[in-house]
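Here the structure comes first, spelled out in structure tokens, and everything after it is commentary.
In the working numbering, the protein residues as written are 26 to 225.
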């Protein structure tokens, strides 16, 4: 930190690290992506040619990232995280859109949802799942992932949830044939979820 005149703020050391890593990644002909973690304020400038996976909204709000010219992937904690009992019903996911960030944690800025204006800088979204065994993971993602994909790929076309789910049944029947895991198995083991507060 002293050699690079970074002062005594470890956040500046992290920013310096991101810049160095970006240079290395680009020198290999690749594009760097980083999980949210750097602050809006800082002395070391963060390059605009990285992709930011925005999830917590604790340090740099998604609307500010987009306004400042960063390319962003939406990984909103709610409703895109599928972790043990902290997973949200397909209908909750269907009410979401790619420009909306929300968190179930009361101290997070996006506890009150942050809706960003539509922007070509929001290039996609990611559903994050972990802490579950393989069989439970598959059942947990079975209906949630297609619903998220529908919200990303067809943002303007929004049929009623019940109509969409009926269309999904035909594809899901094929999934049962491929995997040997029936819809009933998934209903029994994969749809338990906790919503800490009602949807707005």
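Every residue gets a Cβ at the ideal spot worked out from N, C-alpha and C, and that includes glycine.
Values in this document were obtained by computation on a predicted structure and should not be read as measured data.
When the alpha-carbon of residue 149 is set against those of 48, 99 and 116, the nearest one is in 99. Counting along the chain, residue 175 sits inside no beta strand (DSSP E); it lies in the alpha helix (DSSP H) bounded by residues 169 to 178.
Residue 125 sits in a strand when the DSSP states are folded into three classes. Rounded to whole angstroms, the gap between the alpha carbons of residue 177 and residue 198 is 23 Å. Across the structure, residue 166 and residue 28 are spaced so that their CA atoms are roughly 48 Å apart. With a 10 Å radius around the Cβ and a threshold of 16 neighbouring Cβ atoms, residue 121 comes out buried. For residue 119, no beta strand (DSSP E) run applies; the uninterrupted alpha helix (DSSP H) run containing it begins and ends at 115 to 119, by DSSP. The shortest C-alpha to C-alpha distance from residue 180 to any of 87, 125 and 42 is the one to 125. For residue 33, no alpha helix (DSSP H) segment is defined, and its DSSP state is neither H nor E.
Around the beta carbon of residue 145, fewer than 16 other beta carbons lie within 10 angstroms, which makes this residue exposed. Here residue 77 really is in contact with residue 90; their C-beta atoms are around 6 Å apart, less than 8 Å. In the DSSP annotation of this structure, the continuous segment of the beta strand (DSSP E) that includes residue 98 starts and ends at 96 to 99.
Within its own chain, the residues whose Cβ lies closer than 7 Å to the Cβ of residue 155, once the five positions on either side in sequence are excluded, are 108, listed in chain order.
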